[in-house]
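2 protein chains.
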Amino acid sequence: MLKLGGSVVTDKERPETLDGPALERSAAAVASALAEGALEDGLVIVHGGGSFGHHHASEHGVTTTEGTDEIGAVTDIHGAMETLNRFVLSRLHEQDVPAVPVHPFSTAYRDEAGTLHLPTGQIDAMLEAGFVPVLYGDIVATAESGATIISGDELVTHLARALGADRVGLCSTVPGVLDEDGAVVDRITSFEDVDAILGESEATDVTGGMAGKVRTLLELEAPASIFGLESIDSFLAGDAVGTSIE
Amino acid sequence: MLKLGGSVVTDKERPETLDGPALERSAAAVASALAEGALEDGLVIVHGGGSFGHHHASEHGVTTTEGTDEIGAVTDIHGAMETLNRFVLSRLHEQDVPAVPVHPFSTAYRDEAGTLHLPTGQIDAMLEAGFVPVLYGDIVATAESGATIISGDELVTHLARALGADRVGLCSTVPGVLDEDGAVVDRITSFEDVDAILGESEATDVTGGMAGKVRTLLELEAPASIFGLESIDSFLAGDAVGTSIE
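Residue numbers (UniProt numbering), protein chains in the order written: chain H, 1 to 246; chain Z, 1 to 246.
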């Protein structure tokens with residue numbers, strides 16, 4: 001499973017602007033890995049919202065827990081993310097990656113207890129057929145709250161468990177988790193390893209700062225890593241890159 | 001549950017052309033019914049493929065049982081239907097209908113036995129939030145066959161059962177099931193009622209001619225009707241219109 005960070009595939013400074021070269025680089029890496037047979041058990045891609053989803057979400061005051069039942073908010077957020085998803089798919093298709101969309105809003109929801117339900121039978125069937133399912137940070141219908149945000153990171157952890165992913169990679173704008181001196185931490189096996197570095201500084205990023213990413217990846221059975229775009233080929237080839245979280 | 005036939009909302013003679021006035025008429029009827037409180041338990045809309053999906057499907061030789069694993073075929077068919085769905089949603093939004101998309105390819109699949117799996121928890125959650133879910137004839141990942149077609153009619157019968165629909169209406173280009181003299185048959189309670197009229201003449205329409213529609217509607221617990229666009233307001237108001245199938 002490969003997560004393409006929203007900051008990687010979009011220009012976060014400018015509303016609804018792709019980072020075309022980064023996206024093309026990612027698509028080419030996936031295409032090469034597929035051509036070399038490195039992904040014989042299939043690949044699921046999840047991308048973030050970057051400059052497409054986030055500003056609409058904050059404009060309408062919608063978070064992972066604060067919902068909306070206003071159709072205008074729903075269409076702004078979901079519409080922007082569908083647009084980004086079409087761009088991502090089209091760049092993947094240009095490189096002959098058999099990518100297919102899975103719109104989270106079409107299949108997932110949260111129940112009264114806030115528990116996420118995201119059936120994965122359709123994703124298994126897509127993988128068996130040789131397709132590369134592409135999901136993204138989106139909104140989901142939520143009991144008693146209208147629709148709330150689901151982050152790309154939440155999708156990754158849910159899907160990694162449900163699909164029994166072998167490996168999980170988060171392609172980020174940084175080369176891994178950085179220590180006080182800016183060096184990449186090789187390996188994290190418990191949150192205490194990095195508590196002093198990450199602290200709670202990013203707790204305000206509702207869809208998951210680095211501390212949140214590390215916490216959720218630690219809970220996964222599958223080995224995970226956080227790495228920069230320069231390491232995407234190595235990750236897809238099966239190599240250890242960036243920060244390994246196990 | 002309201003099905004808008006593909007021939008109603010598109011111009012079937014011209015590839016990828018909307019029937020704008022018919023779609024606007026349908027959207028206005030839904031908006032009025034919502035405003036009048038006639039749909040307090042919610043409404044699910046399903047639309048057909050008309051001139052958007054069908055020609056791509058036949059060009060690529062894809063049917064409800066003959067699948068494809070070619071990404072070009074998948075993106076042609078699914079892409080055209082996503083485009084039609086965006087048009088339908090946008091006309092509904094213009095009339096203030098809180099319509100939200102549910103892309104069948106994102107959530108449904110067929111297993112090895114050909115059985116359709118289409119979870120509906122997300123649709124229930126959307127209805128509870130006051131949204132109007134809109135689905136459409138599409139493709140679905142299919143075990144051992146890549147992707148096959150799912151017709152709007154198949155979606156309607158599956159969803160009517162799964163959601164426990166109170167009433168099902170098929171808005172068609174004809175005012176109902178017609179007898180030998182062109183008069184609307186008021187009521188059908190078994191296929192023998194209309195065997196002589198419908199016969200097997202439309203058996204070649206893979207996504208469901210009138211005979212197929214009548215057969216599947218007879219199997220539903222919910223009362224169903226087939227009617228023309230001129231009766232859509234009456235149907236939504238709860239009146240008996242066109243041909244009732246019980």
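Don't be surprised by glycine CBs; every beta carbon is placed ideally from N, CA and C.
Note that the structure is predicted; figures quoted are calculated from it, not measured.
So, at 7 Å on beta carbons, what are the nonlocal neighbours of Phe235 (chain Z) in its own chain, with the 5 sequence-adjacent residues on each side left out? Gly169, Ser225, Phe227, Val241
Looking at Ser26 (chain Z): is its Cβ nearer than 8 Å to the Cβ of Leu229 (chain Z)? yes
Does the CB of Tyr136 (chain H) have a neighbour CB from chain Z at under 8 Å? no
Please check if any C-beta of chain Z sits within less than 8 Å of the C-beta of Gln122 (chain H). yes
For the candidate residues H:Ile232, H:Thr243, H:Asp233, whose alpha-carbon lies nearest to that of Val214 (chain H)? H:Thr243
List the residues of chain H that Pro175 (chain Z) touches, going by C-beta distances under 7 Å, in chain order. The premise fails here: Pro175 (chain Z) is roughly 32 Å from chain H at the closest Cβ pair, so nothing lies under 7 Å.
Leaving out five residues on either side along the sequence, give the residues of the same chain with a beta carbon under 6 Å from the beta carbon of Gln122 (chain Z). Cβ neighbours of Gln122 (chain Z) beyond the five flanking positions: none.
Taking a cut of 7 Å between CB atoms, which residues from the region 69-101 of chain H lie near chain Z? Asp69, Ile71, Val74, Thr75, His93, Pro98, Val100, Pro101
Would you identify the three-state DSSP class for Phe235 (chain H), choosing helix, strand or coil? Phe235 (chain H) carries a helical assignment under DSSP once its states are collapsed to helix, strand and coil.
In this structure, how does DSSP classify Ser190 (chain Z) when only helix, strand and coil are distinguished? coil
Would you list, in sequence order, the uninterrupted beta strand (DSSP E) runs of no fewer than 3 residues that lie entirely inside the region 2-43 of chain H? With a minimum length of 3 residues, the continuous beta strand (DSSP E) runs that stay inside the region 2-43 of chain H are 2-4.
What three-state label does DSSP hand Ala222 (chain H) in the structure shown? coil
Could you tell me whether the Cβ of Gly114 (chain H) comes closer than 8 Å to any Cβ of chain Z? Not an interface residue.
Collapsed DSSP secondary structure at Leu118 (chain H) in the structure displayed: In the three-state reduction of the DSSP assignment, Leu118 (chain H) falls in the coil class.
Sub-8 Å separation of Val97 (chain Z) and Val74 (chain H) beta-carbons: no
Who pairs with Ser244 (chain H) in a beta bridge, going by DSSP? H:Arg187, H:Ser225
For a quick check, are the C-beta atoms of His103 (chain H) and Ala80 (chain H) less than 8 Å apart? No, these two residues do not count as a Cβ contact at 8 Å.
Hey, does Gly152 (chain H) have any beta-carbon neighbour from chain Z nearer than 8 Å? no
In this structure, does DSSP put Asp124 (chain H) in helix, strand or coil? The answer is helix: DSSP assigns Asp124 (chain H) an H, G or I state.
State the start and end residues of the unbroken alpha helix (DSSP H) segment that holds Thr83 (chain H). Its alpha helix (DSSP H) spans residues 71-94.
In three-state terms, what does DSSP make of Pro175 (chain H)? DSSP places Pro175 (chain H) outside both helix and strand once states are collapsed to three, so it counts as coil.
Is it the case that the Cβ atoms of Gly5 (chain Z) and Gly53 (chain Z) are separated by a distance below 8 Å? no
State buried or exposed for Phe105 (chain Z), treating a residue as buried only when at least 16 other CB atoms are found within 10 Å of its CB. buried
Enclosing alpha helix (DSSP H) for Val156 (chain Z) [first to last residue]: 152-163
So is Gly130 (chain H) buried or exposed if we call it buried at 16+ other beta carbons inside 10 Å? exposed
Chain-ordered chain H contacts of Glu128 (chain Z) [CB-CB under 7 Å]: Ala143
Using only the alpha-carbon positions, how far apart do Glu24 (chain H) and Ala35 (chain H) sit? 16 Å
The region 139-151 of chain Z touching the region 60-75 of chain Z, judged by at least three CB pairs closer than 8 Å: yes
Test item: CB-CB of Asp11 (chain Z) and Ser51 (chain Z) under 8 Å: yes
First through last residue of the alpha helix (DSSP H) which encompasses Pro104 (chain H): 104-107
Residue environment, Ser172 (chain H), which counts as buried when at least 16 other CB atoms sit within 10 Å: buried
Taking the alpha carbon of Leu92 (chain H) as the reference point, which residue from H:Asp166, H:Ala222, H:Ala28 has its own alpha carbon closest? H:Ala28
Spatially closest choice to Met126 (chain H) from Z:Asp239, Z:Thr157, Z:Ala141, Z:Asp179, by CA coordinates: Z:Ala141
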